[in-house]
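Working notes, structure below.
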Amino acid sequence: MNKKTKVAINGFGRIGKLAFRSIFANPQFEVVGINDLSNLETIAYLLKYDTAQGSYKTDSVSYEDNHLVVDGKKIPVFQERNPKDLPWGKLDVDVVLECTGFFASKEKADLHLQAGAKKVLISAPATGDLKTVVYNVNDNVLTKDDHIVSGASCTTNCLAPVAKVLNDNFGINQAFMTTVHSYTSDQTLIDQNHSKGIWARRGRAAASNMVPTSTGVVQAIGLVLPELKGKIDGTSVRVPTVTGSLVDLTVELNQEVTAEQVNQVFAKNANETLGYVTDPIVSSDVVGTTYGSLYDSNTLQILQTKPKFIKLMSWYDNEMSYVSQLVRLLHKMSTLL
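Those letters in the sequence shown? Residues 18 to 354, per the working numbering, in order.
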């Protein structure tokens with residue numbers, strides 16, 4: 018019997034909790050520790066009840082004596098502000114899933130290694146001398162020497178598979194992306210001050226407005242697909258949905274194409290990361306999807322006067338799509354311990 022990969026989760030917010038669901042159900046993994054500053058009652062409650070993704074094991078999630086209890090299994094929960102103080106060595110942690118958003122640099126994530134973990138996967142774009150990886154796009158770059166890795170962002174995990182298919186088959190001269198993105202905790206429920214200032218617009222009521230704002234995907238795509246560095250620009254519009262987003266991509270290819278050609282290459286390259294859909298779906302239909310990117314073949318448009326110019330859309334659940342990609346990457350890292 019193969020040894021289970023021992024995983025610790027630092028940060029039990031949206032991504033941390035959903036990653037727990039996916040990892041706990043996977044026999045290849047064992048969750049051996051959770052670190053979050055919330056109290057145990059809140060951790061258990063928000064694991065059980067989830068507005069966006071639905072309830073989870075409501076009859077078998079509880080807590081006792083500094084442990085979260087799921088299906089009778091006790092998982093120690095810590096409340097340490099400094100990852101260096103966590104007992105990852107004692108727990109023999111193979112990989113830490115870093116989900117706080119506060120340790121998204123090589124220097125800060127290294128605190129987990131100092132605490133005894135073997136590897137760290139950051140669930141966000143990160144800074145420093147480390148690799149940014151999207152599973153099924155550039156995970157081939159990983160080696161045993163990569164102890165800290167960034168899993169990029171949810172939007173990068175949607176855009177990168179699409180961009181790779183287009184560039185590999187037709188060549189991309191230039192492209193512009195708009196992500197139509199569900200609101201997140203970085204926005205406010207009512208109009209109020211925001212730490213990023215008025216020009217970020219994120220201080221306006223999230224559930225009542227479409228909010229044009231920035232996205233970090235432009236920088237990340239060049240890290241994942243270096244051949245496209247400087248060729249793709251983009252922006253974001255936050256919209257009043259709790260989850261379920263899409264990438265709207267306008268591309269100038271290096272050759273003229275037909276709709277049939279483009280759809281054929283996407284159908285041919287479909288896999289667990291890049292899905293292909295022919296039904297006329299809407300955002301609620303992708304909530305809970307495990308595809309990192311779900312290409313919508315019905316949205317494809319080609320400029321008839323210049324068939325090098327195309328527009329397409331690809332869906333993603335900015336929570337579950339990303340978590341699914343992270344867990345795939347987590348497994349890849351576990352094979353390189």
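Beta carbons are placed, not taken as given, at the ideal position from N, Cα and C, and that holds for glycine.
_For S310 and S199, I'd like the C-alpha separation in whole angstroms._
Here residue 310 corresponds to residue number 293 of the sequence shown, with the count starting at 1. Here residue 199 corresponds to residue number 182 of the sequence shown, with the count starting at 1. S310 and S199 have their C-alpha atoms some 15 Å from each other.
*Counting along the chain, where does the beta strand (DSSP E) carrying N280 start and finish?*
Looking up residue 280 in the sequence shown gives position 263. For N280, no beta strand (DSSP E) segment is defined; the enclosing uninterrupted segment is the alpha helix (DSSP H) at A276 to K285.
*Residue from V235, G145, P100 and Y152 whose Cα sits closest to the Cα of A134*: Locating residue 134 in the sequence shown gives position 117, counting from the first residue. The shortest Cα separation from A134 among V235, G145, P100 and Y152 belongs to P100.
*Would you please state the rounded distance, in angstroms, between the beta carbons of V179 and S338? I believe it to be under 8 Å.*
Along the sequence shown, one-based indexing puts residue 179 at 162. Along the sequence shown, one-based indexing puts residue 338 at 321. With a contact defined as Cβ atoms closer than 8 Å, V179 and S338 miss out at about 13 Å.
*Could you please give the first and the last residue of the uninterrupted beta strand (DSSP E) stretch that includes Q318?*
Indexing the sequence shown from 1 puts residue 318 at position 301. Segment S310 to I319, the beta strand (DSSP E) holding Q318.
*Could you pull out every residue in the same chain whose Cβ sits closer than 8 Å to the Cβ of N335, ignoring the five residues on either side in sequence?*
As a first step, residue 335 is located in the sequence shown; it is residue number 318 there, counting from the start. C171, T172, H198, S199, T201, T260, G261 and S262, listed in sequence order.
*Residue ranges of each beta strand (DSSP E) run of no fewer than 3 residues wholly in the segment 186-217, ordered along the chain?*
Taken in chain order, the unbroken stretches of beta strand (DSSP E) that lie wholly in the segment 186-217 and span 3 residues or more are 189-199.
*Let me know the alpha helix (DSSP H) ranges lying completely inside the segment 109-147, each 4 residues or longer, listed in chain order.*
Taking 4 residues as the shortest admissible run, the segment 109-147 contains the following complete alpha helix (DSSP H) segments, listed from N- to C-terminal end: 123-131.
*Should the segment 218-234 be called in touch with the segment 276-289, which here means at least 3 C-beta pairs below 8 Å?*
Here the segment 218-234 does not lie against the segment 276-289, with fewer than 3 beta-carbon pairs under 8 Å apart.
*Quick one: give me the first and last residue of the beta strand (DSSP E) that K91 is part of.*
Along the sequence shown, read from residue 1 onward, the residue named residue 91 stands at position 74. Here the beta strand (DSSP E) through K91 covers K90 to F95.
*V228 to P257, Cα distance in whole Å?*
On the sequence shown, position 211 is the one that residue 228 refers to. On the sequence shown, position 240 is the one that residue 257 refers to. The straight-line gap from Cα to Cα measures roughly 9 Å.
*Contact set for V340: own chain, Cβ-Cβ below 7 Å, skip 5 residues either direction*: Counting from one through the sequence shown, the residue named residue 340 turns up at place 323. So the qualifying residues of the chain are I32, L35, A36 and S39.
_In whole angstroms, give me the CA-to-CA distance for S301 and F46._
Taking the sequence shown and counting its residues from 1, the one referred to as residue 301 is at position 284. Taking the sequence shown and counting its residues from 1, the one referred to as residue 46 is at position 29. In this model, S301 and F46 are separated by some 30 Å (Cα to Cα).
*Evaluate K181 with the Cβ neighbour count: other Cβ atoms within 10 Å of its Cβ, from every protein chain shown; 16 or more gives buried, anything less gives exposed.*
Against the sequence shown, residue 181 aligns to sequence position 164. By the 10 Å Cβ count, K181 comes out buried.
*Would N271 pass as a contact of G188 if the rule is Cβ separation under 8 Å?*
The count along the sequence shown starts at 1 and reaches residue 271 at position 254. The count along the sequence shown starts at 1 and reaches residue 188 at position 171. Yes, the Cβ-Cβ distance between N271 and G188 is below 8 Å.
*asked:* By the DSSP assignment, the alpha helix (DSSP H) with T59 in it spans what residues?
replied: Residue numbering aside, residue 59 sits at position 42 when the sequence shown is read from its first letter. Counting along the chain, the alpha helix (DSSP H) containing T59 begins and ends at L57 to K65.
*Which one or two residues does DSSP pair with T252 in a beta bridge?*
By 1-based counting over the sequence shown, the position of residue 252 is 235. Answer by DSSP bridge pairing, in chain order: T195.
*CA-CA distance, E81 and N190?*
Within the sequence shown, the letter at position 64 stands for residue 81. Within the sequence shown, the letter at position 173 stands for residue 190. Across the structure, E81 and N190 are spaced so that their CA atoms are roughly 57 Å apart.
*Can you check DSSP and say which residues form a bridge with G106?*
Locating residue 106 in the sequence shown gives position 89, counting from the first residue. Paired residue(s): none; G106 is not in a bridge.
*Three-state secondary structure (DSSP) at E244?*
Locating residue 244 in the sequence shown gives position 227, where the first residue counts as 1. Three-state DSSP puts E244 in a helix.
*Can you give me the Cβ contacts of I327 inside the same chain, cut-off strictly under 6 Å, excluding the 5 residues immediately before and after it?*
For the purposes of this step, residue 327 is taken as residue 310 along the sequence shown, with counting starting at 1. Only residues of its own chain outside the window of five on either side were considered, and among them V268 and I319 have a CB closer than 6 Å to the CB of I327, listed in chain order.
*What are the start and end residues of the alpha helix (DSSP H) that includes K349?*
Walking along the sequence shown from the start, residue 349 turns up at place 332. Unbroken alpha helix (DSSP H) run through K349: M337 to S351.
_Three or more C-beta pairs below 8 Å linking the segment 64-75 and the segment 148-156_ = With the cut-off at 8 Å, the segment 64-75 and the segment 148-156 do not touch.
*I think V166 touches L138, with their Cβ atoms under 8 Å apart; what is that distance to the nearest whole Å?*
To locate residue 166, count along the sequence shown from 1; it is residue 149. To locate residue 138, count along the sequence shown from 1; it is residue 121. Separation of the CB atoms of V166 and L138 is rounded to 5 Å, and the pair is thereby assigned contact status at 8 Å.
*For the beta strand (DSSP E) holding A36, just list the boundary residues, first then last.*
Numbered from 1 along the sequence shown, position 19 holds the residue referred to as residue 36. Here A36 belongs to no beta strand (DSSP E); instead the alpha helix (DSSP H) covers R31 to F41.
_Which of the three DSSP states is assigned to N83 in this structure?_
As a position in the sequence shown, residue 83 is number 66, starting the count at 1. DSSP places N83 in coil when its eight states are reduced to three.
*Do I92 and V24 have their C-beta atoms within less than 8 Å of each other?*
For the purposes of this step, residue 92 is taken as the residue at position 75 of the sequence shown. For the purposes of this step, residue 24 is taken as the residue at position 7 of the sequence shown. No, Cβ-Cβ distance for I92 and V24 is not below 8 Å.
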